[in-house]
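Everything on this sheet refers to the single structure shown next.
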Amino acid sequence: MWIPWTVAFFLAAMLLVRTALLVARYHVNVPYLDQWWLLPVILRDRESGGLPWGYLWHQNAEHRLFFPKLFMLWLARYSGWDLRWELVANFVIAGLTAILMSYEFWSRQRLLGQKLWPWFLPLACASIFTLAAYENWIWSWQLPYFLVVLCSVISTGCIARIHQSALLLVGGATAAAIATFSFATGAAVWFASAITMLCLPMPSEQKRRLFLFWSLCASACFSGYLIGYEFLRWNDPVAAVFSLGHFLGYICTYLGAALVPTHWVYPAAILGVGYVVLGTGIILLIGRKRNLAQAYAPFLGWWAFSFGAAFLTAVGRSNVHDWTQAMTPRYITYSLVGWIGLFAIGAIYWQSIEPQKRASRAVAIVLAIFVADLLGMSLYGVRGLAGMSQQMREGAEELQELKDLVKLRKIYADPVQLRDEFGPQLKAHRLCVFKESPRDTTSSTVREPIRSPLR
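In our numbering, the protein residues as written are 46 to 500.
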């Protein structure tokens with residue numbers, strides 16, 4: 046009895062350790078792209094010992110990074126902006142997410158009276174710690190991605206249990222609010238938990254009251270999000286939605302990208318269509334099956350989260366990018382959440398039917414193919430990890446000289462600002478890659494007023 050559980054926990058630990066070792070090997074302790082925007086905030090915090098509200102509320106592109114900024118600033122204050130501590134935080138958040146996902150799966154099995162299946166834990170770790178999303182592992186700035194996924198699992202889990210305590214409704218709303226103010230895609234958590242709520246077996250009148258409360262909370266959160274919001278000139282969400290064919294194709298490509306190599310655009314789009322059809326079909330089929338609706342509710346919430354994330358990303362990106370951009374590796378962390386939810390539903394269904402039936406064998410084959418694909422994609426991601434590491438390394442080496450703008454552009458979109466302002470500031474304050482270097486007292490840049498990051 047204990048042997049399968051021991052093996053399952055060992056495999057889960059090995060998957061985590063493998064990713065950690067590869068990230069430690071390839072990580073470069075230098076800010077990358079948007080991460081440079083945090084430097085003026087860190088320097089302001091160092092000079093004044095605190096931050097005005099505007100520095101935390103300031104949007105990055107269309108995102109409010111309020112909670113991630115608080116956490117990253119706290120780490121920077123005590124580590125000298127050593128980005129390796131942000132990586133540690135990402136691993137802790139991801140590990141907690143995998144544990145909570147597994148707990149959710151096992152609690153649903155108990156609800157149906159099934160024998161607990163230990164192998165879901167290594168599956169969850171293989172999904173959460175996959176190197177297919179290599180950008181999110183080597184780039185510590187991606188902490189908001191992991192935080193939003195954690196919030197989605199917490200929120201849907203709370204909503205799936207609201208029959209136990211009304212406080213869980215508050216907990217679910219709090220997690221959704223934290224996600225919203227951690228990344229723009231975090232707003233999808235409200236939708237995910239609403240779908241979970243929709244699947245719960247409860248009287249219609251009670252469900253309507255819950256939906257009303259949930260809608261009011263979401264509306265209040267979105268209203269707060271828009272305080273001081275500056276709409277981007279290059280982004281037209283209305284035009285994106287009205288280019289309906291391209292918009293829907295972007296969503297489907299986003300959802301299927303987790304299972305195929307980069308640039309396999311049309312296979313990804315086809316898989317995305319299957320994702321949408323399968324999840325929608327399950328929601329429609331379980332309506333009259335009370336026990337299944339209760340068991341599948343949180344997993345359908347995960348499915349809805351990934352769909353919501355794809356929808357919101359398409360609103361902000363599809364009008365300026367083709368479908369290939371939807372396959373960006375960092376999006377995989379979001380899209381895989383829904384695939385894990387569908388796998389959980391399939392595993393529970395597989396255990397509920399007789400092994401001799403053809404359906405049982407068919408489901409087992411599909412689940413095995415999914416696991417094999419997941420592991421293969423993680424191996425495929427190592428190449429991308431190495432390539433991104435080399436790009437960061439070349440830029441970090443050029444920070445010593447601050448002359449070659451081509452190399453500096455590899456780590457920041459505005460190499461002139463990096464050469465004239467950010468690079469000297471990083472060196473003078475001995476942050477990140479310069480943490481162990483002697484203080485450079487020749488730079489006059491640090492005496493200049495600290496400017497806000499580029500909008």
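Glycine included, each C-beta is placed from N, C-alpha and C at the ideal position.
Which of helix, strand or coil does DSSP assign to residue i?
{"i": "H108", "result": "strand"}
{"i": "L245", "result": "coil"}
{"i": "R206", "result": "coil"}
{"i": "R496", "result": "Any reading at R496 needs caution, since the residue's pLDDT is 42, under 50, leaving its predicted position unreliable; the model's value is listed next. Of the three classes helix, strand and coil, the one that applies to R496 here is coil, per DSSP."}
{"i": "Y320", "result": "helix"}
{"i": "N364", "result": "coil"}
{"i": "R454", "result": "coil"}
{"i": "P76", "result": "coil"}
{"i": "I385", "result": "helix"}
{"i": "P460", "result": "helix"}
{"i": "G94", "result": "coil"}
{"i": "V305", "result": "coil"}
{"i": "E502", "result": "Residue 502 is absent from the model: the chain starts at 46 and stops at 500."}
{"i": "F228", "result": "coil"}
{"i": "L476", "result": "coil"}
{"i": "G269", "result": "helix"}
{"i": "T373", "result": "coil"}
{"i": "G125", "result": "coil"}
{"i": "D418", "result": "helix"}
{"i": "D281", "result": "coil"}
{"i": "K114", "result": "helix"}
{"i": "K334", "result": "coil"}
{"i": "S488", "result": "Its pLDDT being 37, under 50, S488 is placed unreliably in this model, and the value from its coordinates should be taken loosely. DSSP places S488 in coil when its eight states are reduced to three."}
Quick check on the DSSP output: the alpha helix (DSSP H) that includes residue i runs from which residue to which?
{"i": "I503", "result": "One cannot answer for residue 503 here, as it falls past the ends of the chain, which runs 46 to 500."}
{"i": "Y295", "result": "L289 to G301"}
{"i": "T142", "result": "L128 to L157"}
{"i": "Y71", "result": "W47 to Y71"}
{"i": "L213", "result": "L212 to T225"}
Going by other Cβ atoms of all chains shown within 10 Å of its Cβ, with 16 needed for buried, is residue i buried or exposed?
{"i": "H208", "result": "exposed"}
{"i": "D367", "result": "exposed"}
{"i": "N32", "result": "Because residue 32 is not part of the residues shown, which for the chain are 46 to 500, the question remains open."}
{"i": "K472", "result": "buried"}
{"i": "R464", "result": "buried"}
{"i": "V322", "result": "exposed"}
{"i": "L476", "result": "buried"}
{"i": "H474", "result": "buried"}
{"i": "P189", "result": "buried"}
{"i": "I331", "result": "buried"}
{"i": "L195", "result": "buried"}
{"i": "K160", "result": "exposed"}
{"i": "C191", "result": "A quick correction: the sequence has Phe, not Cys, at residue 191. Answer is buried; the Cβ neighbour count reaches 16."}
{"i": "Q251", "result": "exposed"}
{"i": "W119", "result": "exposed"}
{"i": "T51", "result": "exposed"}
{"i": "W47", "result": "exposed"}
{"i": "L61", "result": "buried"}
{"i": "N105", "result": "buried"}
{"i": "M242", "result": "buried"}
{"i": "W98", "result": "exposed"}
{"i": "I138", "result": "buried"}
{"i": "A121", "result": "buried"}
Does the beta-carbon of residue i, which I'm using as the reference point, lie nearer than 8 Å to any heavy atom of the ligand ZN?
{"i": "S363", "result": "The ligand ZN is not part of this structure, which contains no ligands at all."}
- With contact counted as at least three CB pairs below 8 Å, one residue from each stretch, are the stretch 283-291 and the stretch 354-374 in contact? yes
- Message: I'd like the ranges of any beta strand (DSSP E) spanning at least 3 consecutive residues and lying wholly in the stretch 424-449.
- Response: none
- Touching or not, the stretch 115-128 and the stretch 163-179, by the rule of three or more beta carbon pairs under 8 Å? no
- Item | Validate contact between the stretch 345-352 and the stretch 259-272 using beta carbons, cut 8 Å, 3 pairs | no
- Message: Just to confirm the assignment: which complete alpha helix (DSSP H) runs, minimum length 4, are found wholly within the stretch 161-194?
- Response: 165-173 and 179-183
- Query: Would you say the stretch 421-438 touches the stretch 61-77, given that touching needs at least three Cβ pairs under 8 Å?
  - Reply: yes
- Are the stretch 416-430 and the stretch 296-308 touching, with three or more C-beta to C-beta distances below 8 Å? yes
- Query: Is the stretch 175-182 touching the stretch 221-231, taking contact as three or more C-beta pairs under 8 Å?
  - Reply: no
- Count the C-beta pairs between the stretch 83-98 and the stretch 440-450 that are closer than 8 Å, then say yes if the count reaches three, no if not. no
- Does the pairing of the stretch 387-401 with the stretch 232-246 give three or more beta-carbon distances under 8 Å? no
- Task: Would you be able to state if there are at least three C-beta pairs under 8 Å between the stretch 144-158 and the stretch 188-204?
- Result: yes
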